[in-house]
Structures are given as structure tokens and as C-alpha cells.
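Numbering-wise, the numbering used here puts 137 at position 141 of the sequence shown, and it's gapless, one number per residue.
Yeah, the Cβ is synthetic: ideal placement off N, Cα and C, and Gly gets one too.
Small disclaimer: the values here were computed from a predicted structure and weren't measured.
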Amino acid sequence: MHPVRSIGTLADRLRAEDDRPPIGLVLLAGAIAAAVLSPIVWLVLRVGDVRASYALSLLTGPSTVSVLLNSLALVGAVTAASVCIGVPLAVLTARTDLPFRRFFTVAVALPLVVPSYIGAFAFVSAFGPRGVLTDALAPLGIESIPPIYGFGGTVLVLTLFTYPYVYLTTRAALLAADATLPEAARTLGESTTGAFRRVTLPQVAPGIAAGALLVALYTLSDFGTPAIMRFDTFTRVIFVEYNAFGRDFAALLSLQLLAVTAVILALESRLGADRRGAYASRSARRKGDVSLGAWTVPALAFCLAVLVLCLVVPVGVLAMWLVRSGGPGYAGGGFAFEPSFAWNSVGVSAAAALLSAAVAVPIAYLAARYRSVLSTVFDRATYLGYAMPGVVLGLSLVYFGTTYAPALYQTLPLLVFAYVVRFLPQAIGTTRSSVLQVDPTLAGAARTLGEAPTGAFRRVTLPLIAPGVLAGAALVFLTTMKELPATLLLHPTGFDTLVTYIWLVQGAGYYGAAAVPALVLIVVSGLSMFVILARERGTGDLRGNGEAHGSSDARGDGGGRGDRDRNRRQGDH
């Protein structure tokens, strides 16, 4: 046979094989997706054990209706308040001549590094009965301030630590939009306010809505803040009922919460598709910034007030408790902090990170290289665990352990499995992005030189995607360190972590004992933001449309379809 014809025939055969995913890869990805979906199955099976009439009476009872209304009211209030804070901050830092704008651009996003439950107990410590601020105001004759507990305090705390979602997506939309259009409107006689309302606001409305939906989803799934603030929402009542052996009620509420979460995710998914198309059609031409003029001082005061409430108060309260308690050696009430708590957190988080990175590769590679209905189903299935509130995930695995696998109940393997199910999409997102950036013809060239598919992947593709895999592992590690409800429900007896220790001592009122681990977690959360920003700066996404912060990655729809198609076309030539 002619040598050129032989090479051409081999290349044709390899291309035909490349169009079909290896059966082993499909089976492995399917097994991973099934494992991620298993907690939902256990929860449905548990609810199936409840008599229909009894379940109906529980779901339609006044307590259930009250919890539902409380949760919806909280979601609505926090979302609206977050928009009222996040949108002005985005406009000030993206479109005006705000003094120290570069500083405020980063600083007003930093509340994301404070876990909301740490912010909650810091605010209780400052503004609660016998709190720091209450004691400081007593000599001035102010003996009481409005109570921090309940609906108002929960809205305040969640708003202060979730508004950055709206800020980030809105600012990204402003940077992606054409800034010359509102200026043209002003030259035609529109006021600055009118130009913003008629021109800019419609441009950035999808970004605002995207951030608002992220806030709504976070608020609905948050457990720590409502629990500390003593406000009954789905997550708090589920946890209380579980500990009070009201397991049927807890299971039914979990399924109801999952249904509400699914509705919000469906809205976010539909909006995300519209948002990508809208952003793609706009240029990012920039013009001169709007002069604040007489509004400069009020704008600065607004930014500083937000920073004081979001950063100075929680960090300052923790630092004060650290000083008052005499440092890390404080052992009030017998709650001595031990270094083993930190090492336990590091160990279990590292295990979850490594396992997540390993199992993310098959899913990400299949979704990026072999786009099909099946690969899309497997990819999206893994994101259901990310959407599942931690308390629901923990409860479903408790049911699984106690009913089907008693040997696994309250063991480290089950806890690590929960973390992997919860945070696997973080590893998949970074890995998939890396796979899409690798030219598939490189592995094809190795194949033509005699390498087997697995050998070509191991020697060519894997080294190239390793940075993305490691970035995903880092994100999973840092997020796992601060996961609260799943850890409380599933950690082995005697296995205390930073999170379980913080929860124990703040519940007992020994805030000084919680200062050190809380500050450690804030630093860890800050590192997670650094990893995210470093990855986006490396991939050129920092300026873009906010997809990395909760649209394509959070939904699992792949985000980079155009890149996938281009890579496939490159492999065909």
C-alpha cells in the first residue's frame, strides 16, 4: 500500500474513533453521575415510607405553611436589599469618577470571604443583649437597641454578605455594555438619571437578575444564619426536627425545599441562556466616566458604611474577643481550642479535594470532547448536588447510612462523599475549561505515532490540563473547609473540625473561644477568592460577563459550546 495512502487511512480511522467516546469513559462518567444523584434517590425513598395521608397533613399544616412563607419572605427581602446595595456599588466603581475607585472595586467584593454564619454570630456578639455595642452605649444612657434576632436581623446579615453576588454580575454587565450609548442619550437632552434608567438599566438588567437569583438561591439554602438568628426557615426547621427525631417532617420539608430550589435554578438557567446572547452582541467601548460632582461625598460615605458593616464589624468583633480571651489558649467553659481541629479540617478537605479532582476529569473530558445528549446529561447531573442545600444533602445521607449502610454512618468516607457530591462542579468547571483550551490534534498526533488512547491522554492531555485540575482541587479544598450543615450532620463522633468547634462554642455563648477558628476560616475564604480571581485573570474572564460566578458553571450547561465546536472542527482537519 502506498505510504501516503496508509497514513491518510490511519488518520481517517483515528478521526472516526475520536467521534465515538470510549465505552469505558462513558461507563465511568455514568457511574459518577449516578453516585451524585443517589442522595436524591435516598431522600425520595425515605419520603415514600411516610403514609400519604400523614404526609399531606404535615405539608398542609400551619407550621409548614409558616416555614414556607418565612423562607419566601426572607428570600424576597434579602434579594431586594442586595440589589439596592449591589447595583449602586457596581455603577459607582464601573461608570463614575469615584475617588479611590480601584480600592473600592476590590474592597466591596470582600464580604464574600466572610462565611455568613461567622458574620451572624459576630453581629449577635456586637448588637445582641449584653453585646459589645450595647455595653458601649450604656454609659450614654442608651440601655437597649432594636433586637438583632428574628426576621430583621437575618435579612441584615444575609444581605451584607450576599450583595457582592449582585455587585459582581452587575459590574461585569456594565463593563461589557457599550458606555457610549448613555452618553449619546445625554447629548440628546436626557439627564444622567434618565439616561441610566432608559439606556443603561435595560443593558445590565440580565446581569442584575443573574446576581439576584444567586442571592435567592444562597438565602434559601443557608442554614447557619437563620439558626443563629433564631428565625424559622426550611433549613433551620429541618435541622431542629432531625435532632428532635421528627424525621418524617424533616424529610418532607427537605423534599419541599428541594422543589423550591429547583424552581429557582430553572429560572436562573433560562435567564442565563438569554444573558449570554445579549452580552455577545454588545461591544465594550468605553467613554469618560460620569462626574459625581456634589454626590462625591455621599457616594464615599455609602461605600465606607457598607465596608464598616461588612468587614470592620465582624473582623473587629472577632479581634476584640481574641484580645479579651487572652489569645488562642482561651479555654472558657472547658472549650479549649486544639490544633487537631484545624488538622482535621485540613485532612478531610484535602481528601475531598483530591477525590473531586480525580472524578471530575472523566466528566469534564467527556463533556468537552464528545458533546452529545448523554454527555450533557452526565455533566448536568453532577450539578444537582451543588444545587442541593447542605442540610438536605446531609439528611439524605444520614437516611442512607442508618437504613442501608450502617457501617458507613458517621464515618469519614461518608463525610468525604458528601463533600464531593456538594462541590464536584467546582472541579468540573475548571477542568472542563482547561480541556477546551487544549488542541485535540495534539493527542491525535500521538495516536498516529502509535500511542493508545489512554497513553495519549496520560502523556499529552493530562499534563496540559493539570493546572485546571489543580485549581479545581484548590477550590474544593477551600470551600469544604467552611461547609457547615453537612459537616454537623455527618461528622464522626469525636472528630471535631474548625466548623463544628465554632458551632459548639458560639451556641454555648463562649465567643472568645470561637475567635481563632473564625479568623482562620475568614483567611481561608480569602484564599478561595484569590484562587478564583487568579484563574479568571489567567483565562481572560475577569473583565467578562460574569459567567464564571454562577451561570454556565453553576448550571452545568458547559458554557463554552463555541469552544467545543471549534475544537471538534480542528480535530477534523
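Using a Cβ-Cβ cut-off of 7 Å, state whether residue i counts as contacting chain B.
i: alanine 462; result: Absent from the structure is chain B; it holds one protein chain and no more.
Run the CB neighbour count on residue i, radius 10 Å, all protein chains shown included, and call it buried at 16 or more, exposed below.
i: isoleucine 19; result: exposed
i: proline 385; result: buried
i: serine 277; result: For serine 277, the predicted structure reports a pLDDT of 42, less than 50, and the residue's modelled location is therefore unreliable. A value from the coordinates is still provided. Flag for serine 277 reads exposed.
i: glycine 124; result: buried
i: alanine 240; result: exposed
i: valine 308; result: exposed
i: threonine 215; result: buried
i: tyrosine 50; result: exposed
i: phenylalanine 99; result: exposed
i: threonine 155; result: buried
i: threonine 450; result: exposed
i: tyrosine 275; result: Reliability fails at tyrosine 275, whose pLDDT of 44 lies under 50, so the model's placement of it is uncertain and the value that follows must be treated cautiously. Buried, by the Cβ-count rule.
i: phenylalanine 96; result: exposed
i: aspartate 375; result: buried
i: glycine 57; result: exposed
i: glutamate 334; result: exposed
i: tyrosine 400; result: exposed
Residues in the same chain with beta-carbon distance under 8 Å from residue i, minus the five sequence neighbours each way, listed in chain order, please.
i: alanine 247; result: Leu39, Arg42, Val43, Val46, Leu391, Tyr395
i: leucine 380; result: Val32, Leu33, Ile36
i: glycine 273; result: Low local confidence applies: a pLDDT of 45 at glycine 273 is under 50, so the model's placement there is unreliable, with the coordinate-based value given in what follows. Correct list: empty, nothing qualifies.
i: leucine 213; result: Thr257, Ile260, Leu261, Glu264, Ala383
i: leucine 445; result: none
i: tyrosine 238; result: Ala246, Leu391, Val394, Leu485
Is the separation between the beta-carbon of residue i and that of residue j shorter than 7 Å?
i: threonine 407; j: proline 463; result: no
i: valine 162; j: alanine 349; result: no
i: alanine 290; j: alanine 469; result: no
i: methionine 525; j: valine 109; result: yes
i: threonine 229; j: asparagine 340; result: no
i: alanine 29; j: alanine 377; result: yes
i: alanine 356; j: isoleucine 424; result: yes
i: glycine 397; j: leucine 411; result: no
i: proline 579; j: leucine 21; result: The requested residue 579 is not part of the displayed model; the chain covers only -3 to 569.
i: valine 501; j: alanine 511; result: no
i: valine 387; j: phenylalanine 491; result: no
i: threonine 476; j: tyrosine 405; result: no
i: valine 74; j: valine 233; result: no
i: leucine 170; j: alanine 90; result: yes
i: isoleucine 461; j: serine 430; result: yes
i: phenylalanine 245; j: leucine 54; result: yes
i: leucine 474; j: leucine 523; result: yes
Specify the secondary structure class of residue i as computed by DSSP and reduced to three states.
i: valine 22; result: helix
i: threonine 56; result: coil
i: threonine 92; result: strand
i: arginine 16; result: coil
i: valine 104; result: coil
i: valine 286; result: strand
i: phenylalanine 333; result: coil
i: valine 479; result: Note that residue 479 is glutamate in the sequence shown here, rather than valine. Coil at glutamate 479, not helix or strand.
i: glycine 149; result: helix
i: glutamine 252; result: helix
i: arginine 368; result: Per the sequence presented here, residue 368 reads as serine, with arginine not at that position. Coil at serine 368, not helix or strand.
i: proline 143; result: coil
i: threonine 489; result: coil
i: isoleucine 359; result: helix
Report the residue from the options whose alpha carbon sits nearest the alpha carbon of residue i.
i: leucine 438; options: Ala423, Arg454, Tyr159, Val109; result: Arg454
i: valine 71; options: Ala122, Thr221, Ala25, Ala134; result: Thr221
i: alanine 441; options: Val456, Ser430, Leu432; result: Val456
i: valine 79; options: Ala315, Thr231, Leu197; result: Leu197
i: glycine 505; options: Arg126, Leu305, Tyr400, Thr60; result: Arg126
i: proline 436; options: Tyr361, Ala403, Gly242; result: Tyr361
Looking only at its chain, what residues have a beta carbon closer than 7 Å to the beta carbon of residue i, apart from the 5 residues adjacent to it on each side?
i: threonine 166; result: Gly82, Val83, Ala86, Val200, Gly203, Ile204, Gly207
i: alanine 338; result: Leu494, Val516
i: valine 417; result: Val32, Pro35, Gly381, Leu389
i: lysine 478; result: Pro111, Val495, Leu517, Val520, Ser521
i: alanine 118; result: Val309, Pro310, Val313, Leu314
i: threonine 150; result: Leu70, Thr221, Pro222, Met225, Phe227
Tell me which same chain residues have a C-beta within less than 6 Å of the C-beta of residue i, skipping the five on either side of it?
i: tyrosine 507; result: Ser121, Trp317
i: arginine 16; result: none
i: threonine 535; result: Bear in mind that the predicted position of threonine 535 carries a pLDDT of just 49, short of 50, making it unreliable; the figure below should be weighed with that in mind. Once the five neighbours on either side are set aside, threonine 535 has no close Cβ partner at all.
i: glycine 546; result: Here glycine 546 scores only 38 on pLDDT, less than 50, and its place in the model should not be relied on; the value that follows carries that caveat. Excluding residues within five positions, the ones whose Cβ falls inside 6 Å are Leu210.
i: leucine 88; result: Leu94, Ala295
i: serine 287; result: Asp93
i: valine 465; result: Ala353, Thr427
i: serine 217; result: Pro385
i: tyrosine 366; result: Pro17
Taking 6 Å as the cut-off, is the beta-carbon of residue i closer than that to any non-hydrogen atom of the ligand MG?
i: leucine 362; result: Among the ligands in the structure shown, none appear at all, so the ligand MG cannot be discussed.
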